[in-house]
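Here is the structure we will look at.
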């Protein structure tokens, strides 16, 4: 009989006391999981490393590198696998255009060496075009003492436009269209 009473007492002790005015909060159980990360050594055109950082892996299996964020943050148009001992690039790191994650998987804690190719600046191509147009205009001015008749007759809306300005506008327009299609 004593054993049954002990059991009853134990059950009563486990039940919350209703007369107690302090509310009992249930213990929240939380599980902390480590986000998988890789250490990235980032080079620019084989020079560097310009930065060493940890990047979290994403995707369903948490094994994909966030390539698009690296491209945006560092202004690269493409990134490649890199061998620092030989200072040579390997294959380009391909990524899904919809979510920006790499197509290849990476293990947690691995070290990744990446070489980036920076985006082209707009100043260099435009400067080269202006220099080319200036050289062509100088050759025309040297070779022809007088400008041809078709150039003199060219009037657009009653305004005489020098041909080198027209050529410059056409070249800049076509280059910008080609550049915008690439991105």
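Numbering (this note's numbering), first residue to last: 65 to 247. Virtual Cβ for every residue (Gly too), placed ideally from N, Cα, C.
Going by DSSP, residue 171 is part of no beta strand (DSSP E) at all; its letter is neither H nor E.
In the DSSP assignment, residue 94 falls outside any beta strand (DSSP E) and carries neither an H nor an E. Below 8 Å, too few C-beta pairs join the segment 159 to 175 and the segment 188 to 196 to call them touching: fewer than three. Beta-bridge annotation (DSSP): residue 132 is not paired with any residue. Excluding its 5 nearest sequence neighbours in each direction, residue 103 has C-beta neighbours in its own chain below 6 Å: 118 and 175, listed in chain order.
The C-alpha of residue 186 is placed about 25 Å away from the C-alpha of residue 115. DSSP, read as helix, strand or coil, puts residue 188 in helix. Residue environment: residue 100 is assigned as buried (16 or more neighbouring CB atoms within 10 Å of its CB, all protein chains considered). Taking residue 126 as the centre and dropping the five residues before and after it, the same chain places the C-beta of 100 closer than 7 Å to its C-beta, in chain order. For residue 161, there is no enclosing beta strand (DSSP E), since its DSSP letter is neither H nor E. For the set 179, 124, 203 and 190, the Cα lying nearest the Cα of residue 111 is the one of 179. A straight line joining the alpha-carbon of residue 190 with that of residue 98 spans about 49 Å.
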